[in-house]
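According to this note's numbering, the stretch in the sequence shown is residues 242 to 669, in order.
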Amino acid sequence: MQEQDRIAALMTEADQMSMRGQSEAAVSRWKQVLDIEPDYPPALNLIGVYSMARGDFALARDYLLRAVAAAPKFAMAHANLSRLHSAQGDTDAALASINQAIIADPTAWGAHMERARLLEAKSRPREAAASWGRALAYMPESAAQSAQLQQLVAQARKAVSDNQNSLREFLQDRMHGLMGKGSHPELERFENCLDIVTGRREFVTARPLMLPYPRLPAIPFFDTSTFDWVPAMEAAFPDILSELESLLQRPDLFVPYVQTQAGSPTGQFDALDRNLDWGALFLWKNGARIDSNADLCPRTEAAISRTPQNIIPNRAPVAFFSALQPGTHIPPHNGATNTRLTVHLPLIVPPDCGLRVGGETHVWQPGKVVAFDDTITHEAWNYSDRLRVVLIFDVWHPMLTPLERQLVAHTVESIMTFYGDNADLGEL
Numbered sequence: 242m243q244e245q246d247r248i249a250a251l252m253t254e255a256d257q258m259s260m261r262g263q264s265e266a267a268v269s270r271w272k273q274v275l276d277i278e279p280d281y282p283p284a285l286n287l288i289g290v291y292s293m294a295r296g297d298f299a300l301a302r303d304y305l306l307r308a309v310a311a312a313p314k315f316a317m318a319h320a321n322l323s324r325l326h327s328a329q330g331d332t333d334a335a336l337a338s339i340n341q342a343i344i345a346d347p348t349a350w351g352a353h354m355e356r357a358r359l360l361e362a363k364s365r366p367r368e369a370a371a372s373w374g375r376a377l378a379y380m381p382e383s384a385a386q387s388a389q390l391q392q393l394v395a396q397a398r399k400a401v402s403d404n405q406n407s408l409r410e411f412l413q414d415r416m417h418g419l420m421g422k423g424s425h426p427e428l429e430r431f432e433n434c435l436d437i438v439t440g441r442r443e444f445v446t447a448r449p450l451m452l453p454y455p456r457l458p459a460i461p462f463f464d465t466s467t468f469d470w471v472p473a474m475e476a477a478f479p480d481i482l483s484e485l486e487s488l489l490q491r492p493d494l495f496v497p498y499v500q501t502q503a504g505s506p507t508g509q510f511d512a513l514d515r516n517l518d519w520g521a522l523f524l525w526k527n528g529a530r531i532d533s534n535a536d537l538c539p540r541t542e543a544a545i546s547r548t549p550q551n552i553i554p555n556r557a558p559v560a561f562f563s564a565l566q567p568g569t570h571i572p573p574h575n576g577a578t579n580t581r582l583t584v585h586l587p588l589i590v591p592p593d594c595g596l597r598v599g600g601e602t603h604v605w606q607p608g609k610v611v612a613f614d615d616t617i618t619h620e621a622w623n624y625s626d627r628l629r630v631v632l633i634f635d636v637w638h639p640m641l642t643p644l645e646r647q648l649v650a651h652t653v654e655s656i657m658t659f660y661g662d663n664a665d666l667g668e669l
């Protein structure tokens, strides 16, 4: 019998013995596995769990550390090591281990629940609420409805609700002065916005991921003839194209647009994560000018500066050249907030390229501005054999008043302050 077949047979025997309550016999089989393969992670993990259950924490620690060393992406072993640290009263170490479990398996709802409980023990309720929320989001409905989890599910929902109420009070305190300047009709949409952000109201027309703003019509593509800044932008097309052509001689300036943080699921963007099939050359990112790039495109930057750009500290403006390689498909997704419009100025557009927003499909025309609501599910593709490049930037939604723009900017900035480095603001 081959070694791997022997290991599989021993693990099956051990599972059966463990289910019958024959723990010592199961451990014997796991140790036989380790005689064949000393760093076999499942056996190391299970002996560690057994040792922990018997109260032999030193032995449990040895086996679990060997398991995670042998398999750094073994989420269950990291989670069990976290349990061991908790049992020993070392909350910091427990939190570090459960974080590793989540990095290994970002959708493991049990790990998010454990992280939430550890954060609460550390008196970090805001981060805990975010983890409770992720646990609820990833938990299957069958688990959420099970009798044995009802108390935990109720605890999670209460923590999320309490945090939303706390965030609402925080935002209202920070917005008090600005809100005092407005009339009820002007502030009504903003109040509804706070209701949505803090879980009191459902937003049903589009799907913004971070800041849904009510009573803005869900318009897939806007009539750009109504925007007074569009003629100047389209007139700048030859200059912008010329600058782009120079930039294309420097492919090292482009970076992958999708760069998912460790511990966050890549979801539908898995194929594009850290991949230059969808590349970006940023002129502005998260409200910061990328001097080394922007200095190479003065006419492009000047043209964008004449548009009603979002200005939000550490968040906006954003402006970049978006390069889609041949055969690339950007899957359906939704943007962060409908308080902005996403603007495309198509520059290099071969055949078989397109943009779908909601149920409407648009074919780019070089030099013709496109403005759309990116909180409506949208996707793009380049099925040609040539590169496609568009200039992308954001502008304020034209229906927002100057006061509302201020309120939105302060709200986003305040949410970032509230959550700090843990703010989940969605796509740029």
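C-beta: ideal position from N, C-alpha, C; glycine also.
Remember, predicted model here, so these are calculated numbers, not experimental data.
Within the same chain, Ile-344 come within 8 angstroms of Ala-503 by CB-CB distance, once the 5 residues on both sides are set aside. Here the segment 647–666 makes contact with the segment 411–424; the two share three or more CB pairs at distances below 8 angstroms. Val-604 sits exposed, since fewer than 16 C-beta atoms from the chains shown fall within 10 Å of its C-beta.
Residue pairing from DSSP places Phe-523 in a beta bridge opposite Phe-561. Rounded to the nearest angstrom, the gap between the Cα atoms of Met-451 and Gly-296 is 45 angstroms. Rounded to whole angstroms, the Cβ separation of Thr-569 and Asp-615 is 18 angstroms, and the two are not in contact under 8 angstroms. Between Pro-283 and Arg-358, the alpha-carbon positions lie close to 26 angstroms from each other. In the structure shown, Leu-628 adopts coil according to DSSP, grouped into three states. Taking Glu-361 as the centre and dropping the five residues before and after it, the same chain places the C-beta of Ala-369 closer than 7 angstroms to its C-beta, in chain order. For Pro-573, there is no enclosing alpha helix (DSSP H); the enclosing beta strand (DSSP E) covers residues 569–574. The alpha-carbon of His-353 is positioned some 16 angstroms away from that of Asp-333.
Going by DSSP, Phe-613 is part of no alpha helix (DSSP H) but of the beta strand (DSSP E) stretching over 611–613. Between Phe-634 and Ser-292, the alpha-carbon positions lie close to 57 angstroms from each other.
Here Ile-545 carries a helix assignment [DSSP, helix/strand/coil].
At the C-beta level, Asn-404 and Arg-367 come within 8 angstroms of one another.
Contact fails between the segment 516–526 and the segment 457–464, because fewer than three Cβ pairs, one in each stretch, are under 8 angstroms apart.
Bounds of the beta strand (DSSP E) holding Arg-581 are 581–589. The shortest C-alpha to C-alpha distance from Ala-512 to any of Phe-523, Leu-522, Tyr-498 is the one to Tyr-498.
If you ignore the 5 residues before and after Gly-599, its C-beta comes within less than 8 angstroms of the C-beta of Ala-459, Pro-461, Ile-617, Thr-618, His-619, all in its own chain and listed in chain order. Taking Gly-508 as the centre and dropping the five residues before and after it, the same chain places no C-beta closer than 7 angstroms to its C-beta. Scanning its chain for C-beta atoms nearer than 6 angstroms, with the 5 sequence neighbours on each side dropped, one finds around Val-290 the residues Asn-321, in chain order. The DSSP-derived three-state label of His-425 is helix. With contacts defined as CB atoms closer than 8 angstroms, Ile-553 and Gly-528 qualify as a contacting pair. Rounded to whole angstroms, the Cβ separation of Pro-567 and Arg-627 is 6 angstroms, and the two are in contact under 8 angstroms. In the DSSP assignment, His-619 forms a beta bridge with His-574, Val-598. In this structure Thr-642 does not touch Pro-449 by the C-beta definition: roughly 19 angstroms separates them, more than the 8 angstroms allowed. For the options Ser-466, Val-438, Gln-243, Ser-269, the alpha carbon positioned closest to that of Pro-455 is the one of Val-438. Under the three-state reduction of DSSP, Pro-283 is assigned to helix.
Rounded to the nearest whole angstrom, the CA to CA distance from Arg-398 to Pro-347 is 20 angstroms. For Gln-257, the enclosing alpha helix (DSSP H) has its first and last residue at 244–260. The continuous alpha helix (DSSP H) containing Ala-266 extends over residues 264–277.
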